[in-house]
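Engineer:
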Amino acid sequence: MAGALNADVPTVPAYFTAARGLRMERDAKGVLLVTINDGMGGPITFTAQDHTEFTEAFYRIAQDRDTKAVILTGAGDYMAAIDFSTFGNVADPDVWSRVHDEGVQIVENIANIRVPMIAAIEGRAHIHSEYALMANVIVAGESASFSDLPHFAGGIVPGDGIYTTWSYRAGAGRAEALLLNPEPISAQTAKNWGVVAEVVADGTAVARARALADLYLAKPEVTRRNTRIHFIQPLKEALVRETGYGLALEGASAAALVKSFSN
2 MAGALNADVP TVPAYFTAAR GLRMERDAKG VLLVTINDGM GGPITFTAQD
52 HTEFTEAFYR IAQDRDTKAV ILTGAGDYMA AIDFSTFGNV ADPDVWSRVH
102 DEGVQIVENI ANIRVPMIAA IEGRAHIHSE YALMANVIVA GESASFSDLP
152 HFAGGIVPGD GIYTTWSYRA GAGRAEALLL NPEPISAQTA KNWGVVAEVV
202 ADGTAVARAR ALADLYLAKP EVTRRNTRIH FIQPLKEALV RETGYGLALE
252 GASAAALVKS FSN
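Residue numbers for the sequence shown follow our numbering, so the first one is 2 and each next one is one higher.
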């Protein structure tokens, strides 16, 4: 009897709990909710450990055919803080080589997710908003905001895919203005730019994302998968073409920034 009961308990894939900064919960319909957090349920301060673990996590998500749709969100904020010190001496080419490789792989792994993907943004999306912009649809709470704190505002090139994704979604001119100026834009402005699909009441973005996932799940699985593949392909091609080069430029600028501290 005990064996029969155990057989009824769904197996949770090991990768669901492998990344400290990602909490993963998949419902009976196959909708995977991925919540960026600090490992204790609060807003994340993004670190080098997260950079490494996200690379593997998104690779595994893309592989798992038991997942029928993905919702990406954050705890409190989407992402609003980063601890640069955890990355070590970014002027060291050995250190940057790892950052470069992981940065390329993270965006390619998200682009390889082959089911409908929805980003549910609450609070501040000021770090790695490019991950969210690779979703098919972004739903944002009315108080949500978008910015890019780590790159030009911090003294380095925005080369990790953030310029590519914002250019693709909003246009190159708007992307350049956003990335050169650290002033956040509102969810409504992002909607006006065509980046956000829907602005909803604060605290309801995930619920709306689940409703959209239910709508998508009514269609045949091959249709859902192939539509995601078709829609992401132009952005995927741009990311493959531009991110490695962009991260090389970003690495040189990081070295120059470190050098400036000693002058």
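Where a beta carbon is used, it is the ideal one built from N, C-alpha and C, also for glycine.
These figures come from a predicted structure and were not determined experimentally.
Give me the residue from V35, R21, Q64 and K30 with the minimum Cα distance to F47.
Structural biologist: F47 has its Cα closest to that of R21, out of V35, R21, Q64 and K30.
Engineer: Please classify H231 as buried or exposed, where buried requires at least 16 other C-beta atoms within 10 Å of its C-beta.
Structural biologist: It is exposed - the Cβ of H231 has fewer than 16 other Cβ atoms within 10 Å.
Engineer: Would you decide whether K220 is buried or exposed? Buried here means 16 or more other CB atoms lie within 10 Å of its CB.
Structural biologist: Exposed, by the Cβ-count rule.
Engineer: Closest by CA to A255, which one among L240, I163, R175 and G155?
Structural biologist: Per the Cα distances, G155.
Engineer: If the criterion is Cβ atoms closer than 9 Å, does the pair I122 and A141 meet it?
Structural biologist: The answer is yes: Cβ separation under 9 Å.
Engineer: Count the C-beta pairs between the stretch 103-122 and the stretch 168-177 that are closer than 8 Å, then say yes if the count reaches three, no if not.
Structural biologist: No contact exists between the stretch 103-122 and the stretch 168-177.
Engineer: How about the stretch 245-253 and the stretch 124-135: do they share at least three Cβ pairs that are nearer than 8 Å?
Structural biologist: The stretch 245-253, when compared against the stretch 124-135, does not touch it at the 8 Å Cβ threshold.
Engineer: Going residue by residue through the stretch 28-80, where are the continuous alpha helix (DSSP H) segments of at least 4 residues, counting only ones entirely within it?
Structural biologist: Complete alpha helix (DSSP H) runs here, min 4: 49-64.
Engineer: May I have the straight-line CA-CA distance separating L181 from F153, to the nearest angstrom?
Structural biologist: When rounded, the distance between both Cα atoms is 6 Å.
Engineer: Whole angstroms are fine: how far does the CA of A70 sit from the CA of D28?
Structural biologist: For D28 and A70, the distance between alpha carbons rounds to 10 Å.
Engineer: May I have the straight-line CA-CA distance separating L218 from R61, to the nearest angstrom?
Structural biologist: Taking the straight line from one Cα to the other gives about 21 Å.
Engineer: Count the other CB atoms, across all protein chains shown, that sit within 10 Å of the CB of T56; report buried if there are 16 or more and exposed otherwise.
Structural biologist: Per the 10 Å Cβ criterion, buried.
Engineer: Are A145 and A171 touching if we call contact CB-CB under 9 Å?
Structural biologist: Not closer than 9 Å, so no.
Engineer: Nearest to M41 by CA position, among M25, W194 and G252, is which residue?
Structural biologist: The shortest Cα separation from M41 among M25, W194 and G252 belongs to M25.
Engineer: If you compare alpha carbons, which of P235, N113 and E109 is closest to Q64?
Structural biologist: Ranking the options by Cα distance to Q64, first place goes to N113.
Engineer: Would you tell me roughly how many angstroms separate the C-alpha atoms of G31 and D215, rounded to the nearest one?
Structural biologist: Rounded to the nearest angstrom, the two C-alpha atoms are 10 Å apart.
Engineer: Pull up the DSSP beta-bridge partners for S187, would you.
Structural biologist: Answer is S146.
Engineer: How is L23 classed by DSSP in three states: helix, strand or coil?
Structural biologist: Note: L23 maps to strand in three-state DSSP.
Engineer: If distances are taken between C-alpha atoms only, which option among W194, T166, F147 and L213 comes closest to L242?
Structural biologist: What sits at residue 242 in the sequence shown is Arg, not Leu. Comparing Cα-Cα distances from R242 to each of W194, T166, F147 and L213, the minimum goes to T166.
Engineer: Enumerate in chain order the residues of its own chain whose CB-to-CB distance from I111 is below 7 Å, with the five nearest sequence positions on each side excluded.
Structural biologist: Around I111: F59, Y132 and M135.
Engineer: What's the C-alpha gap between L73 and I37?
Structural biologist: Whole-angstrom Cα-Cα distance: 8 Å.
Engineer: Among the candidates H129, A81 and S187, whose CA atom is the shortest distance from the CA of E143?
Structural biologist: E143 has its Cα closest to that of S187, out of H129, A81 and S187.
Engineer: Cβ of P183 within 9 Å of Cβ of D161?
Structural biologist: Cβ atoms of P183 and D161: not closer than 9 Å.
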